[in-house]
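Inspection log for the structure reproduced underneath, given as structure tokens.
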């Protein structure tokens, strides 16, 4: 009969093997079992390490609620994780996906104080990403400058964040140049499909701003394929949301099966931001078919985004109301001014 230590080692091996094949739910469950075994023997350092691994598995598997619980368990053990800042950075990202913007930004700022020099760039990058969703662009600039100092101006992470700032500033040529360079630098790099897909999504957003709607549709489709290959389901659906937005902007009839099922999936896992994105896509599907449903859906998306402080998403919900939904002159003026005010500051 196997000893308990042999069982523990076997489960650790199985958890690592499951992660290597992107079986994130199985990996998360196995790591949690390992954490519980460690805790039962008062082995607090292994327990915190196992909880951290479980949180990472659940995070990659798009289970925001379970990832939150596991990462918080890692931080609450009597013996702290080896790199507290790295765990806080992951938790900040998960809280952001759950729509807890203030808590996420606070956790990310705490991670800047506790991260090792090696982990600090990831903490800085995570905070920039959170400020993209919950803050103002002026607060992102010094952080992007720090990324440049630590990683170099030509690093994919720095180029990506600089491209986003260029887009927010209206420098669309500069944004395209940065995102194109990210795609080129990541081409053929093992495990870089998700990063390349993120840059493709940003290029599609720039295309929408330029009115190049057909190209934007194609770019979102390309991003979806890359995220699907990387096993990043939530990001795949974000690309599908972008494709719907671009298709409506191009005046195309939208056919996007699976959005309602995807929204149920997102809600089950606590993915509040994706839930908002899908709410908007479901509403945009009704443009040209049922104006009342389109309007009510976009209004719900706007109110939900404002309630959690996700201003850019609120702006993206207001803009199509002004562009594609019939309303009174005063309503259109209000929708346009609200969208302009939100998006100019964010």
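Numbering (this note's numbering), first residue to last: 1 to 346. Beta carbons are placed, not taken as given, at the ideal position from N, Cα and C, and that holds for glycine.
Exercise for review: Tell me whether residue 23 sits in a helix, a strand or coil according to DSSP, three-state version.
Suggested key: Here residue 23 sits in coil by DSSP.
Point to revise | Rounded separation between residue 164 and residue 171 - CA only | key: Computed Cα separation, rounded: 10 Å.
Check your understanding: Should residue 319 go down as buried or exposed, given a rule of 16 or more other Cβ atoms within 10 Å for buried?
Key -> Around the beta carbon of residue 319, 16 or more other beta carbons sit within 10 angstroms, so the residue counts as buried.
Check your understanding: How many whole angstroms separate the CB atoms of residue 279 and residue 258, which I take to be in contact at a CB cut-off of 8 Å?
Key -> Actually they are not in contact, since the Cβ atoms of residue 279 and residue 258 sit about 15 Å apart, beyond 8 Å.
Exercise for review: Return the CA-CA distance between residue 60 and residue 27, expressed in angstroms with no decimal places.
Suggested key: One C-alpha to the other measures close to 10 Å.
Review point. Between residue 167 and residue 207, what straight-line distance do the alpha-carbon atoms span, to the nearest angstrom?
Key: The straight-line gap from Cα to Cα measures roughly 11 Å.
Check your understanding: Alpha carbon to alpha carbon, how far is residue 146 from residue 295?
Key -> For residue 146 and residue 295, the distance between alpha carbons rounds to 42 Å.
Point to revise | Which of helix, strand or coil DSSP assigns to residue 237 | key: Looking at residue 237 - three-state DSSP - the assignment turns out to be helix.
**Study point:** Residue from 205, 195 and 156 with nearest C-alpha to residue 227
**Key:** Taking only the C-alpha atoms, the option nearest residue 227 is 195.
**Study point:** Residue nearest to residue 169 in terms of C-alpha spacing, selected from 113, 137, 305 and 285
**Key:** Across the set 113, 137, 305 and 285, the C-alpha of 137 shows the shortest separation from the C-alpha of residue 169.
**Study point:** Top-ranked residue by Cα proximity to residue 240, from 201, 303 and 289
**Key:** Comparing Cα positions, the closest option is 201.
Exercise for review: Quick one: residues in its chain with C-beta nearer than 7 Å to the C-beta of residue 65, no 5 flanking neighbours on either side, listed in chain order?
Suggested key: A distance below 7 Å between beta-carbons, with the five flanking residues on each side excluded, links residue 65 to the following residues of its chain, in chain order: 269 and 270.
Review point. Would you call residue 317 buried or exposed, if buried means 16 or more other Cβ atoms sit within 10 Å of its Cβ?
Key: Buried: at least 16 other Cβ atoms inside 10 Å.
Point to revise | residue 212 - DSSP class collapsed to helix/strand/coil | key: In the structure shown, residue 212 sits in coil (DSSP, three-state: anything other than H, G, I, E or B).
Point to revise | Secondary structure of residue 89, DSSP reduced to three states | key: Under the three-state reduction of DSSP, residue 89 is assigned to helix.
Check your understanding: Measuring from the CB of residue 3, is there a heavy atom of the ligand ZN at a distance below 7 Å?
Key -> For the structure depicted, the ligand ZN is absent and the ligand set is empty, with no information on it obtainable.
Practice item. Work out the CA separation of residue 40 and residue 315 for me, nearest whole Å. Key: Each residue's Cα considered, the two are about 49 Å apart.
Review point. Does DSSP put residue 200 in a helix, in a strand, or in coil?
Key: Helix, per DSSP.
Check your understanding: With a CB to CB cut of under 8 Å and the five nearest residues on each side skipped, what residues in its chain are close to residue 267?
Key -> Excluding positions up to five away in sequence, the list reads 275.
**Study point:** Length at least 4, wholly inside the region 287-320: the alpha helix (DSSP H) runs in chain order
**Key:** Qualifying alpha helix (DSSP H) stretches, in chain order: 291-307.
Check your understanding: Exposed or buried, which one is residue 19 when buried takes at least 16 other CB atoms within 10 Å?
Key -> Of the residues assessed, residue 19 falls on the buried side of the cut-off, its CB having 16 or more other CB atoms within 10 angstroms.
Review point. Which of the three DSSP states, helix, strand or coil, is assigned to residue 373?
Key: An answer regarding residue 373 cannot be provided, because it is not within the stretch 1 to 346 covered by the chain.
**Study point:** Burial state of residue 264, where buried means 16 or more other Cβ atoms lie within 10 Å
**Key:** Exposed, since its Cβ has fewer than 16 Cβ neighbours within 10 Å.
Practice item. Please name the residue in 242, 188, 234 and 33 whose C-alpha comes closest to that of residue 70. Key: The shortest C-alpha separation from residue 70 is found at 33.
Exercise for review: Please go through the region 216-280 and give each complete alpha helix (DSSP H) segment of 4 or more residues, from N-terminal end onward.
Suggested key: Within the region 216-280, the complete alpha helix (DSSP H) runs of at least 4 residues are 233-249 and 259-269.
Practice item. For residue 121, name the three-state secondary structure that DSSP assigns. Key: The answer is helix: DSSP assigns residue 121 an H, G or I state.
Practice item. Find out if the Cβ-Cβ distance for the pair residue 272, residue 134 is shorter than 8 Å. Key: Taking 8 Å as the cut-off, the beta carbon of residue 272 is found no closer than this to the beta carbon of residue 134.
Review point. So what does DSSP say about residue 116, is it helix, strand or coil?
Key: Correct three-state label for residue 116: coil.
**Study point:** Extent of the continuous alpha helix (DSSP H) to which residue 180 belongs
**Key:** Taken as a continuous stretch (DSSP letters only), the alpha helix (DSSP H) holding residue 180 covers 172-186.
Check your understanding: Under 8 Å, do residue 85 and residue 116 count as touching if we go by C-beta distance?
Key -> One thing to note: residue 85 has its Cβ within 8 Å of the Cβ of residue 116.
Exercise for review: Look at the alpha carbon of residue 81 and the alpha carbon of residue 237, and state the distance between them as a whole number of angstroms.
Suggested key: Distance from the CA of residue 81 to the CA of residue 237, rounded to the nearest whole angstrom, comes to 33 Å.
Review point. What span of residues does the alpha helix (DSSP H) with residue 163 cover, start to end?
Key: Counting along the chain, the alpha helix (DSSP H) containing residue 163 begins and ends at 156-169.
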